[in-house]
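Report on the following structure.
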Amino acid sequence: MPVRSIDAAVVDTLDSILAGVTDLMGFEVATISVAHVDGVLETVAVAGSDEAKSALRGHRVEVDLVHAELVDAEEWGPWRFVPHDRLKLDAERFAWISSEVEATDDPTRWHPLDVLVAPLYDGGGRLRALISVDSPENRMRPTQAVREDLASFVEQTRPAVLNLIERSELAAQVRLADAARLVVRQASSELSIERIIEVIQSAVTRCFDAFGMWIQTFDEGGDGQGAIHASNGAEIRLSEDLRRIARPAARMMWASQDVAAIGRSSITPDILTDAQREQIYSFMKTIDVTSMLFIPLGAGKECLGNLVLTRHGELRTEWSEVERRVALDIGHDLGRALLNARSFERERQLVAELRELNSYKSNLIATLSHELKNPLTAILGHTEMLEASPELTPSARNSIAAVERGAARMQRLVDDLLVLARAGDPHAAFDPSPIDLHAAVLDAVDLMRVTINRKELDVVVDAPDESLKVLAESDGIDRIVSNLVSNAIKYTPEGGRVTVSLRALKRQVRLDVVDSGIGISRRDQEQLFSEFFRSTNPAAVALPGTGLGLAIVKSIVERHDGRITCESTLGKGTTFSVLLPRA
Numbered sequence: 057m058p059v060r061s062i063d064a065a066v067v068d069t070l071d072s073i074l075a076g077v078t079d080l081m082g083f084e085v086a087t088i089s090v091a092h093v094d095g096v097l098e099t100v101a102v103a104g105s106d107e108a109k110s111a112l113r114g115h116r117v118e119v120d121l122v123h124a125e126l127v128d129a130e131e132w133g134p135w136r137f138v139p140h141d142r143l144k145l146d147a148e149r150f151a152w153i154s155s156e157v158e159a160t161d162d163p164t165r166w167h168p169l170d171v172l173v174a175p176l177y178d179g180g181g182r183l184r185a186l187i188s189v190d191s192p193e194n195r196m197r198p199t200q201a202v203r204e205d206l207a208s209f210v211e212q213t214r215p216a217v218l219n220l221i222e223r224s225e226l227a228a229q230v231r232l233a234d235a236a237r238l239v240v241r242q243a244s245s246e247l248s249i250e251r252i253i254e255v256i257q258s259a260v261t262r263c264f265d266a267f268g269m270w271i272q273t274f275d276e277g278g279d280g281q282g283a284i285h286a287s288n289g290a291e292i293r294l295s296e297d298l299r300r301i302a303r304p305a306a307r308m309m310w311a312s313q314d315v316a317a318i319g320r321s322s323i324t325p326d327i328l329t330d331a332q333r334e335q336i337y338s339f340m341k342t343i344d345v346t347s348m349l350f351i352p353l354g355a356g357k358e359c360l361g362n363l364v365l366t367r368h369g370e371l372r373t374e375w376s377e378v379e380r381r382v383a384l385d386i387g388h389d390l391g392r393a394l395l396n397a398r399s400f401e402r403e404r405q406l407v408a409e410l411r412e413l414n415s416y417k418s419n420l421i422a423t424l425s426h427e428l429k430n431p432l433t434a435i436l437g438h439t440e441m442l443e444a445s446p447e448l449t450p451s452a453r454n455s456i457a458a459v460e461r462g463a464a465r466m467q468r469l470v471d472d473l474l475v476l477a478r479a480g481d482p483h484a485a486f487d488p489s490p491i492d493l494h495a496a497v498l499d500a501v502d503l504m505r506v507t508i509n510r511k512e513l514d515v516v517v518d519a520p521d522e523s524l525k526v527l528a529e530s531d532g533i534d535r536i537v538s539n540l541v542s543n544a545i546k547y548t549p550e551g552g553r554v555t556v557s558l559r560a561l562k563r564q565v566r567l568d569v570v571d572s573g574i575g576i577s578r579r580d581q582e583q584l585f586s587e588f589f590r591s592t593n594p595a596a597v598a599l600p601g602t603g604l605g606l607a608i609v610k611s612i613v614e615r616h617d618g619r620i621t622c623e624s625t626l627g628k629g630t631t632f633s634v635l636l637p638r639a
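Every letter in the sequence shown is one number past the one before it in the working numbering, and letter 181, counting from 1, is 237.
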């Protein structure tokens, strides 16, 4: 059976130590068991027959049961002897029973259920290991001389055994700590506090032998959040008094780059008043923990919160120097993760607010446009009726024509506003389907045929023979193509050239509209897609327009997950390029 937490090289060394007992002192079997933090003694090293090694290696028994057995044991220096008739446990739970040793009532002979062990304690009085011997070769209970030899063996080997165990546990702890740090650093890519806790809790609690953990975060004003969730699924609610203690304590610990170990009767370093300590101790009783490690979380000079690890029970309440150092490193890594999560949350809220504002703007524009549409329709209708009157003077006809032109211009503006409102509304329905982009280009060119002929323009459509379809809404594609083509024709002087080209890419279709027109200055290009923007170029200002066309095009393109760009040189021409998803 494999052993836990003990390095194979350490086990080999312990086996070599035990060989001194079996070879020099005449015992057929000797073992060393190690006490784990979960209160279990595990046999990790065995000297003796293959049968004994197979039966004993990995054998586990509760530390409390061993202590109970040793209460009535005879003290032979560092050794404890439990005669078979005083054994409280079933023999199989406590030790291995040799089939080669016969049972006897002779008090001088070794009984197969006799137990002889030497408990090894550390400087703090905690049981760390147990050396056991069994089955003396002469089948006799140890004489005084043998007991003295056994005592000398324990005194000589105790420092080495304890040191080996401590080094092995430290190495295992460092490995766990490295794994925990790696998990915490990987959690930096998570974008919510809840997800960060979910990712790290198992690795962190295992690394520190912790019962549970919770994280308290501070908002940008420095206040802690109300609900704090523990890794074991419980919900921890800190009173306002405790939060008032935790916030400045975390900042103090972060400033000094230290962590605080909190026991039932002590806090190291001692940073609290007597009253605050009593509040902490009382809180620990309510959640049934015996010790806590208070770790500040931060990035740079800013303290962002704190991480608390808890332990319960009496087996392990101290926090080692390695654990404290690793915990502070984790505080740095978690601090960066919290900073990333806070930045993402701030950006998410900002995007939500901008979307809400954009939706409000779209609704406002749509409402105003609808309100303007009815009176404009009435104006245009009545001007048509007035124009039909034979009694109008030439002057009146000119006035009515001016009203009609103004109303028609306002009508176009209202129509553009309605399209812009719909294109920019994130809540508007979106139902794309495969659309033939080549056909849309040909339709747009045909609509401008009269102007093309009048200005004697050379208009070329460069497209592959096969159909190029994009995943889009038909009205949106018509708007994009007609606006770009009509602009190119409008701003290209007589005798100029306009080229509309289509290219199939892997996942997109590219539309380029190139003209040899008046061009756009670098300054104007910065605002080209802004609503109501009109060029500062006098040649462009002289031509009619609402300043909404390109803003509408950009909104429609982005609504289709596309992209539009412009390259232009003043006086030489302009190229608009659009990328749209391929159907």
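Glycine included, each C-beta is placed from N, C-alpha and C at the ideal position.
Three-state secondary structure (DSSP) of residue i
i      : result
Gln564 : strand
Ser89  : strand
Arg182 : coil
Glu107 : helix
Met57  : Because the pLDDT at Met57 is just 39, under 50, the model does not fix this residue reliably, and the point stays unresolved.
Asp128 : coil
Gly629 : strand
Leu635 : strand
Ser572 : coil
Pro175 : strand
Pro163 : coil
Ser591 : coil
Phe83  : strand
Leu121 : helix
Residue nearest to residue i in terms of C-alpha spacing, selected from the options
i      : options                        : result
Val382 : Leu353, Ser321, Gln405         : Leu353
Ile301 : Arg320, Tyr337, Asp487         : Tyr337
Asp120 : Pro175, Asp330, Arg404         : Pro175
Gln581 : Ala560, Thr621, Val554, Ser572 : Thr621
Ser105 : Pro168, Glu460, Thr548, Thr78  : Thr78
Gly551 : Leu428, Leu183, Gln200, Val515 : Val515
Asp161 : Pro134, Asp487, Arg195         : Arg195
Met348 : Gly369, Leu143, Leu476, Pro215 : Gly369
Leu168 : Thr423, Cys263, Pro192, Leu183 : For the sequence presented, residue 168 should be read as Pro rather than Leu. Residue Pro192 is the option with its Cα nearest to Pro168.
Ala598 : Lys546, Glu614, Arg553         : Lys546
Ile574 : Ile612, Asn419, Ser624         : Ser624
Leu498 : Ala485, Thr555, Asp487, Arg468 : Thr555
Glu107 : Leu70, Ala75, Ile153, Glu246   : Ile153
Leu328 : Val345, Ala305, Ala207, Thr346 : Ala305
Glu156 : Gly391, Arg392, Ala64, Phe83   : Phe83
Met308 : Pro325, Val506, Ala464, Asp344 : Pro325
Asp344 : Gly319, Arg116, Glu131, Val569 : Gly319
Pair within 8 Å by beta-carbon distance, residue i and residue j
i      : j      : result
Leu389 : Val634 : Per the sequence presented here, residue 389 reads as Asp, with Leu not at that position. Going by C-beta atoms, Asp389 is not nearer than 8 Å to Val634.
Asn430 : Ser244 : no
Gln313 : Leu384 : yes
Ala316 : Ile323 : yes
Ala259 : Ala227 : no
Val470 : Leu432 : yes
Arg566 : Arg559 : yes
Leu172 : Phe209 : no
Asp265 : Arg203 : no
Glu440 : Arg453 : no
Arg479 : Arg590 : Residue 479 is actually Ala in this sequence, not Arg. No, they are not a contact pair.
Glu529 : Pro594 : no
Leu206 : Met81  : yes
Extent of the continuous alpha helix (DSSP H) to which residue i belongs
i      : result
Ala64  : 64-80
Gln581 : 578-581
Thr507 : 505-511
Arg116 : Arg116 -> not in any alpha helix (DSSP H); beta strand (DSSP E) instead, spanning 116-118.
Asp534 : 530-546
Unbroken beta strand (DSSP E) run spanning residue i, endpoints
i      : result
Ile608 : Not the beta strand (DSSP E): Ile608 falls in the alpha helix (DSSP H), residues 605-615.
Asp514 : 514-518
Pro594 : Not the beta strand (DSSP E): Pro594 falls in the alpha helix (DSSP H), residues 594-597.
Arg136 : 135-138
Ile343 : It is not in any beta strand (DSSP E) - Ile343 carries neither H nor E in the DSSP assignment.
Ser586 : Note, Ser586: premise wrong, no beta strand (DSSP E); not H, not E.
Ser489 : 489-492
- request: Kindly provide the ranges of any beta strand (DSSP E) runs that are 3 or more residues long and lie completely inside the segment 297-331, ordered along the chain.
  value: With a minimum length of 3 residues, the continuous beta strand (DSSP E) runs that stay inside the segment 297-331 are 316-318.
Uninterrupted beta strand (DSSP E) stretches inside the segment 346-403 (no shorter than 3 residues): As far as the segment 346-403 is concerned, its whole beta strand (DSSP E) runs of at least 3 residues are 347-355, 358-367.
field: Minimum length 3: unbroken beta strand (DSSP E) runs contained in the segment 213-287
entry: Within the segment 213-287, the complete beta strand (DSSP E) segments at least 3 residues long are 268-273, 283-285, listed from N- to C-terminus.
field: Segments of 3+ residues assigned as beta strand (DSSP E) that fall wholly inside the segment 397-475
entry: DSSP runs (the beta strand (DSSP E)) wholly in the segment 397-475: none.
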